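Listed in order, the protein sequences are those of chains S and L. Heads up, our numbering is the position in the first sequence plus 8, with the first residue counted as 1. Heads up, our numbering is the position in the second sequence plus 8, with the first residue counted as 1. Okay, so here's the structure we're looking at.
There are 2 protein chains.
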Amino acid sequence: MSPTITAFESSPDRGKGLSRDVRVRWALEEAGQPYDVRLLSFAALKQPGHLALQPFGQIPTYEEGDLTLFDSGAIVLHIAERHAGLFPEDANGRARAITWMFTAVSTMEPPIVEHGMMRLFESHEPWFEPRIAMIEQRVRTRLAQLSARLGDADWLDGAFSAGDLLMISVLQRLRSSNLVDEYPNLAAYVARGEARPAYQRAFAAQLAVFEASQAG
Amino acid sequence: MSPTITAFESSPDRGKGLSRDVRVRWALEEAGQPYDVRLLSFAALKQPGHLALQPFGQIPTYEEGDLTLFDSGAIVLHIAERHAGLFPEDANGRARAITWMFTAVSTMEPPIVEHGMMRLFESHEPWFEPRIAMIEQRVRTRLAQLSARLGDADWLDGAFSAGDLLMISVLQRLRSSNLVDEYPNLAAYVARGEARPAYQRAFAAQLAVFEASQAG
Numbered sequence: 009m010s011p012t013i014t015a016f017e018s019s020p021d022r023g024k025g026l027s028r029d030v031r032v033r034w035a036l037e038e039a040g041q042p043y044d045v046r047l048l049s050f051a052a053l054k055q056p057g058h059l060a061l062q063p064f065g066q067i068p069t070y071e072e073g074d075l076t077l078f079d080s081g082a083i084v085l086h087i088a089e090r091h092a093g094l095f096p097e098d099a100n101g102r103a104r105a106i107t108w109m110f111t112a113v114s115t116m117e118p119p120i121v122e123h124g125m126m127r128l129f130e131s132h133e134p135w136f137e138p139r140i141a142m143i144e145q146r147v148r149t150r151l152a153q154l155s156a157r158l159g160d161a162d163w164l165d166g167a168f169s170a171g172d173l174l175m176i177s178v179l180q181r182l183r184s185s186n187l188v189d190e191y192p193n194l195a196a197y198v199a200r201g202e203a204r205p206a207y208q209r210a211f212a213a214q215l216a217v218f219e220a221s222q223a224g
Numbered sequence: 009m010s011p012t013i014t015a016f017e018s019s020p021d022r023g024k025g026l027s028r029d030v031r032v033r034w035a036l037e038e039a040g041q042p043y044d045v046r047l048l049s050f051a052a053l054k055q056p057g058h059l060a061l062q063p064f065g066q067i068p069t070y071e072e073g074d075l076t077l078f079d080s081g082a083i084v085l086h087i088a089e090r091h092a093g094l095f096p097e098d099a100n101g102r103a104r105a106i107t108w109m110f111t112a113v114s115t116m117e118p119p120i121v122e123h124g125m126m127r128l129f130e131s132h133e134p135w136f137e138p139r140i141a142m143i144e145q146r147v148r149t150r151l152a153q154l155s156a157r158l159g160d161a162d163w164l165d166g167a168f169s170a171g172d173l174l175m176i177s178v179l180q181r182l183r184s185s186n187l188v189d190e191y192p193n194l195a196a197y198v199a200r201g202e203a204r205p206a207y208q209r210a211f212a213a214q215l216a217v218f219e220a221s222q223a224g
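In structure tokens form, the structure reads like this:
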């Protein structure tokens with residue numbers, strides 16, 4: 009039975025590939041697993057039907073038989089545990105890949121999201137200039153540490169893993185700034201992820217949804 | 009072989025139990041596993057020796073034979089997978105517990121940390137009052153959603169799990185505000201976690217480290 013995920017009927021990023029269903033689509037493509045998509049309007053996200061599946065009114069969810077999951081990190085981990093292609097074979101390598109998954113969403117992503125939220129919602133506030141500079145510095149600190157650890161390796165720990173999938177997805181959120189470009193090995197790392205055929209298929213699938221929403 | 013974790017020699021929260029080694033200590037206590045602790049000064053965190061284990065210069069780390077992990081969420085998951093007491097027996101229940109683990113650190117914790125960082129570092133800035141009100145509102149949105157989902161249950165999904173352990177640890181970071189108290193079921197949930205003997209042992213162990221640092 010194919011799982012069903014939820015995604016935005018009309019993504020607020022206008023098909024740039026930054027909504028979190030893309031992480032799950034990418035994982036399913038790496039694993040070679042077909043899936044169905046149920047599209048949701050913004051209004052539907054806040055309705056009791058969806059809140060019963062996702063208490064925070066977000067996408068994506070993941071339904072497979074009588075199992076319902078939410079949170080893209082947890083869903084990617086579930087897929088990685090059940091199919092080849094996203095975790096190394098050995099238990100220690102798998103535990104390290106999970107370390108990178110948590111690091112992506114809980115160490116790297118929070119200042120990156122704070123930076124993005126400020127640019128979206130506070131650009132006209134009198135404090136925008138001084139405060140965005142402070143947050144940029146926090147983001148740079150994390151990028152510099154990640155860049156130092158990655159060095160000249162292709163991926164964070166051996167072969168491509170679910171840890172790289174989430175880390176690259178997080179770094180993509182900085183695309184509209186130039187911050188990642190200050191660290192050439194990180195920019196190359198993101199490009200390496202985006203060049204994977206599985207990513208290309210995931211990106212194309214979400215873009216097709218957005219384009220269809222505009223054609224209506 | 010007992011694992012070795014790292015912790016602050018002198019915790020910046022002065023023994024209040026908010027440093028992230030407590031999450032790992034708590035998990036090890038729930039699992040009934042002995043562990044060793046290596047204490048680190050603030051200076052040591054930024055030295056190459058520690059950065060080789062933890063690229064972001066943080067605690068805790070977890071060393072067990074030739075395996076080194078970092079990120080408290082990933083470490084708690086590793087412990088939960090290997091010992092009874094932190095995950096339900098069935099695979100679907102375990103996947104849902106992992107959903108709550110990711111939700112704790114990537115949906116609930118970021119606005120809570122932003123709130124705490126602003127109070128620590130921006131209280132004298134001219135924008136403090138209007139902006140902290142905005143961030144408090146973001147925190148309240150998440151607390152209200154979590155409160156609605158928890159309802160009158162004891163734990164988030166059946167028996168106590170690693171998902172509750174991380175969620176309660178995240179909510180504790182709001183202790184110096186009154187935000188959790190606005191949601192009586194969440195306040196009771198945190199108190200229920202803190203009453204667990206395993207939590208009490210973890211809290212006492214970190215407090216003893218802080219008190220020893222002050223006695224020197």
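We put the beta carbon where it would ideally sit given N, CA and C, even for glycine. For clarity, every value in this text was computed on a predicted model and none was experimentally measured.
{"Check": "is_contact[residue 153 of chain S, chain L] using C-beta, thresh 8 Å", "Outcome": "yes"}
{"Check": "Neighbourhood of residue 35 of chain L by C-beta, 8 Å cutoff - its chain only, sequence neighbours within 5 removed", "Outcome": "83, 84, 87, 88, 94, 170, 173"}
{"Check": "Enclosing alpha helix (DSSP H) for residue 197 of chain L [first to last residue]", "Outcome": "192–202"}
{"Check": "Where residue 86 of chain L meets chain S, residues with beta-carbon distance less than 9 Å", "Outcome": "103, 106, 107"}
{"Check": "Residue environment, residue 168 of chain L, which counts as buried when at least 16 other CB atoms sit within 10 Å", "Outcome": "buried"}
{"Check": "Any chain S beta carbon closer than 8 Å to residue 14 of chain L", "Outcome": "no"}
{"Check": "Environment of residue 37 of chain L [buried if 16+ CB atoms lie within 10 Å]", "Outcome": "buried"}
{"Check": "Member of L:162, L:166, L:46 whose CA lies at the smallest distance from the CA of residue 102 of chain L", "Outcome": "L:166"}
{"Check": "First and last residue of the uninterrupted alpha helix (DSSP H) at residue 115 of chain L", "Outcome": "Residue 115 of chain L -> no alpha helix (DSSP H), and no H or E assigned at all."}
{"Check": "Touching by the beta-carbon criterion (3+ pairs, under 8 Å), the segment 37–52 of chain S and the segment 208–224 of chain S", "Outcome": "yes"}
{"Check": "Integer Cβ distance of residue 43 of chain S from residue 18 of chain S, believed to fall under 8 Å", "Outcome": "Incorrect: roughly 20 Å between the Cβ atoms, too far for contact."}
{"Check": "Closer than 8 Å to chain S by CB, residue 114 of chain L", "Outcome": "yes"}
{"Check": "Identity of the residues DSSP links to residue 78 of chain L by a beta bridge", "Outcome": "L:69"}
{"Check": "Endpoints, beta strand (DSSP E) assigned at residue 15 of chain L", "Outcome": "12–16"}
{"Check": "Chain L contact for residue 57 of chain S (CB, 8 Å cutoff)", "Outcome": "no"}
{"Check": "Anticipated Cβ contact below 8 Å, residue 50 of chain L with residue 62 of chain L, distance rounded", "Outcome": "Not quite, the Cβ-Cβ distance comes to about 14 Å (not below 8 Å), so this is no contact."}
{"Check": "Range of the contiguous alpha helix (DSSP H) that encloses residue 172 of chain L", "Outcome": "170–180"}
{"Check": "Beta carbon proximity, residue 178 of chain S to chain L, threshold 8 Å", "Outcome": "no"}
{"Check": "Coil, strand or helix - residue 46 of chain L by DSSP", "Outcome": "strand"}
{"Check": "Completely contained alpha helix (DSSP H) runs for the segment 101–153 of chain L, where each covers 4 or more residues", "Outcome": "117–129"}
{"Check": "Contact list for residue 33 of chain S against chain L, beta-carbon separation under 7 Å", "Outcome": "Those do not exist, as residue 33 of chain S stays about 18 Å from chain L at its closest Cβ, beyond 7 Å."}
{"Check": "Chain L contact for residue 81 of chain S (CB, 8 Å cutoff)", "Outcome": "yes"}
{"Check": "Neighbouring residues, chain L, relative to residue 156 of chain S (Cβ below 8 Å)", "Outcome": "59, 63"}
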